[in-house]
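Taken in order, these protein sequences are the chains called A and B. Quick note, the first sequence lines up with residues 1 to 254 if you use this note's numbering. Quick note, the second sequence lines up with residues 1001 to 1254 if you use this note's numbering. We put the beta carbon where it would ideally sit given N, CA and C, even for glycine. One structure below.
Number of protein chains: 2
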Amino acid sequence: MCQLLGMNCNVPTDIVFSFTGFATRGGRTDEHKDGWGIAFFEGNGVRHFVDHLAAVESPIAELIKRYPIKSKSVIAHIRKATHGAVALENCHPFVRELWGHYWVFAHNGNLTDFTPALVGAYHPVGGTDSEYAFCYILQQLRHRFGAHRPTNAQLKIALQELCNGIACNGTFNMMLSDGAALFVHCSTKLHYIVRRYPFATAKLSDEDVSVDFSQVTTPQDCVAIIVTEPLTANESWIQFAPGELKVFVDGIPG
Amino acid sequence: MCQLLGMNCNVPTDIVFSFTGFATRGGRTDEHKDGWGIAFFEGNGVRHFVDHLAAVESPIAELIKRYPIKSKSVIAHIRKATHGAVALENCHPFVRELWGHYWVFAHNGNLTDFTPALVGAYHPVGGTDSEYAFCYILQQLRHRFGAHRPTNAQLKIALQELCNGIACNGTFNMMLSDGAALFVHCSTKLHYIVRRYPFATAKLSDEDVSVDFSQVTTPQDCVAIIVTEPLTANESWIQFAPGELKVFVDGIPG
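Written out as structure tokens, the structure reads:
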């Protein structure tokens, strides 16, 4: 299995603190050593970093931890290979274009015998069930909504239906974003927290690192962090219900 | 205008030497300071780095110069903005999926009034004439060849026709690769060199850096470098003819 990390905020925010704890699970405090990846939206562009090395050994992960890239929407993933070899093309997150925007996707779980026909614009490059599901989702969204992006509310309904269907074939915890919204579906395990004024100090569970968010934020900031297992022990994380799909916009879950 | 750098080889090779000279033109020895990018094929996967900072100031470019990523096909670009703002989504190279493979594209030149209808699977995310042309090329290839990748020879003929047409709207020096082949079209200015046994020492024009390739290669290695302006002064670079399109496979131009 794998682990997922997402961030959605109302102002561009760096993810160094959360990624530092998360990356430690990529080979040190946990077993997810078969590659990792992270994608940051910046305006309409995406910075996409993937590596088949363990996150704790990757020079690129080291760069991410030192270089505070600010973004309003981030998806990261550490991989323990189940379907598909340990190879760059099988590292999440995956990126495709739909409606003139990049879409970023990462998945935790296993799908069995999930092979709906891919007859449209999207075909997997690698050998994972995850990328296959991503191509299927984009194909179905394009088929359902045509040439223009629908509203977040319409997308939420469509994605809930699609995820319900896919989850019949196995575990399907997933994150999907076009920068404007972060859609999160929980099949078995995901947690989130919304940090906002008054900010407090948070301490990582996986590393001896703390940050006093009141020193690095303004009272208007609103930052949602979504992750497989809570990253801090001194904050109250909210667990997703099985089958639940949420859409985060400007740090607010809906 | 911008500058292009490509590499195509028969064994995975690092591009640190060439990129070091090339990146220096991104704000120091030349004026291309409005962003840069590089994409490395690794198996079927792609490592894609883009930055809106000048290449000489970018921490990510620094990483590329220090971390020898090995690849058989690389495309890099330094940008001087003409069409489209200085923004991440306007940095080349661009990446899209076609026929279950990633395709990487970068362009040097300006296209005027180039607005053919985009009615298929590919739409630009940013505001450049370049990304528009890339989407158009992929749309036309998919339309012409259907669901499966044709041979390199078939692709070369199709791309020559497409590039001839696009170049009616302006300067269209471009590089396009799916990892298996690197297609290069010259409208005004491109040079290439094929380095093979017996290897010699090369000295960068833009930095005081030399490398003795005989020390870092085997007699079977074959490495083609394609670039807007020659990177070394002590080697014989071959200039493309205007309108010429070449396909590089395993370091061999055809």
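Assuming residue i contacts residue j under a Cβ cut-off of 8 Å, what Cβ separation, rounded to an integer in Å, is found between them?
{"i": "L4 (chain A)", "j": "H77 (chain A)", "result": "6 Å"}
{"i": "V1125 (chain B)", "j": "E42 (chain A)", "result": "Their Cβ separation, rounded to whole angstroms, is 12 Å, which puts V1125 (chain B) and E42 (chain A) out of contact at 8 Å."}
{"i": "V50 (chain A)", "j": "T24 (chain A)", "result": "About 18 Å; that fails the 8 Å criterion."}
{"i": "H1143 (chain B)", "j": "W1099 (chain B)", "result": "Contact flag wrong, Cβ pair sits at about 13 Å."}
{"i": "T1188 (chain B)", "j": "T1171 (chain B)", "result": "5 Å"}
{"i": "G1120 (chain B)", "j": "Q1139 (chain B)", "result": "4 Å"}
{"i": "N1044 (chain B)", "j": "H1107 (chain B)", "result": "That pair is no contact at about 24 Å."}
{"i": "L111 (chain A)", "j": "A133 (chain A)", "result": "6 Å"}
For residue i, which three-state DSSP category applies?
{"i": "A1106 (chain B)", "result": "strand"}
{"i": "Y122 (chain A)", "result": "coil"}
{"i": "C91 (chain A)", "result": "coil"}
{"i": "R96 (chain A)", "result": "strand"}
{"i": "N173 (chain A)", "result": "strand"}
{"i": "T1128 (chain B)", "result": "coil"}
{"i": "T232 (chain A)", "result": "strand"}
{"i": "A181 (chain A)", "result": "coil"}
{"i": "Q1220 (chain B)", "result": "coil"}
{"i": "T201 (chain A)", "result": "strand"}
{"i": "I1084 (chain B)", "result": "For clarity, residue 1084 (chain B) is Gly in the given sequence; the question names Ile instead. The answer is coil: DSSP assigns G1084 (chain B) none of H, G, I, E or B."}
{"i": "R25 (chain A)", "result": "coil"}
{"i": "A1039 (chain B)", "result": "strand"}
{"i": "H1052 (chain B)", "result": "coil"}
{"i": "F1134 (chain B)", "result": "helix"}
{"i": "L1190 (chain B)", "result": "coil"}
{"i": "H148 (chain A)", "result": "coil"}
With distances taken between CB atoms, is the gap from residue i to residue j smaller than 7 Å?
{"i": "V86 (chain A)", "j": "H52 (chain A)", "result": "yes"}
{"i": "N1169 (chain B)", "j": "F1114 (chain B)", "result": "yes"}
{"i": "S1073 (chain B)", "j": "L1182 (chain B)", "result": "yes"}
{"i": "A1233 (chain B)", "j": "S1210 (chain B)", "result": "no"}
{"i": "F1248 (chain B)", "j": "L1190 (chain B)", "result": "no"}
{"i": "D1129 (chain B)", "j": "H1083 (chain B)", "result": "yes"}
{"i": "I157 (chain A)", "j": "V184 (chain A)", "result": "no"}
{"i": "D1221 (chain B)", "j": "V1011 (chain B)", "result": "yes"}
{"i": "C91 (chain A)", "j": "L118 (chain A)", "result": "no"}
{"i": "C1163 (chain B)", "j": "E1244 (chain B)", "result": "no"}
{"i": "T1013 (chain B)", "j": "V1223 (chain B)", "result": "yes"}
{"i": "G1037 (chain B)", "j": "A1054 (chain B)", "result": "no"}
{"i": "L1231 (chain B)", "j": "S1018 (chain B)", "result": "yes"}
{"i": "I60 (chain A)", "j": "F40 (chain A)", "result": "no"}
{"i": "W1103 (chain B)", "j": "D1178 (chain B)", "result": "yes"}
{"i": "Y1192 (chain B)", "j": "I1238 (chain B)", "result": "yes"}
{"i": "E1235 (chain B)", "j": "A1202 (chain B)", "result": "yes"}
{"i": "V16 (chain A)", "j": "H48 (chain A)", "result": "no"}
{"i": "L63 (chain A)", "j": "L1063 (chain B)", "result": "yes"}
{"i": "G1109 (chain B)", "j": "N1008 (chain B)", "result": "no"}
{"i": "T1228 (chain B)", "j": "F1199 (chain B)", "result": "no"}
Could you pull the start and end residues of the beta strand (DSSP E) that residue i belongs to?
{"i": "D14 (chain A)", "result": "3 to 14"}
{"i": "D1212 (chain B)", "result": "1210 to 1212"}
{"i": "T1115 (chain B)", "result": "Per DSSP, T1115 (chain B) belongs to no beta strand (DSSP E) and is neither H nor E."}
{"i": "S73 (chain A)", "result": "70 to 78"}
{"i": "E1031 (chain B)", "result": "Note, E1031 (chain B): premise wrong, no beta strand (DSSP E); not H, not E."}
{"i": "F1248 (chain B)", "result": "1245 to 1249"}
May I ask which residues mark the beginning and end of the alpha helix (DSSP H) holding residue i?
{"i": "A153 (chain A)", "result": "152 to 166"}
{"i": "I1060 (chain B)", "result": "1059 to 1066"}
*Which residues, in order along the stretch 1117 to 1148 of chain B, keep a beta-carbon less than 8 Å from a beta-carbon of chain A?*
Close to chain A, meaning a Cβ-Cβ distance shorter than 8 Å, are the following residues of the stretch 1117 to 1148 of chain B: G1120, A1121, Y1122, H1123, P1124, V1125, G1126.
*asked:* So if I threshold CB-CB distances at 9 Å, which residues from the stretch 1048 to 1061 of chain B count as touching chain A?
replied: Hits within the stretch, in order: H1048, F1049, V1050, D1051, H1052, P1059, I1060.
*Looking at chain A, which residues of the stretch 1069 to 1103 of chain B have a Cβ within less than 8 Å of any of its Cβ atoms?*
Across the stretch 1069 to 1103 of chain B, CB contacts with chain A closer than 8 Å involve A1087, L1088, E1089, N1090, C1091, V1095, R1096, E1097, W1099, G1100, H1101, Y1102, in sequence order along the chain.
*Closer than 9 Å, Cβ to Cβ, to anything on chain A: give me those residues from the stretch 1016 to 1028 of chain B, in chain order.*
Going along the stretch 1016 to 1028 of chain B in chain order, one finds no residue with a Cβ nearer than 9 Å to chain A.
*Give the residues from the stretch 30 to 47 of chain A that approach chain B closer than 8 Å (Cβ to any Cβ), ordered along the chain.*
The residues in question are E42, G43, N44, G45, V46, R47.
*asked:* If the cut-off is 8 Å on Cβ atoms, which residues from the stretch 1175 to 1191 of chain B count as contacting chain A, listed in chain order?
replied: Listed by position along the chain: nothing, the set is empty.
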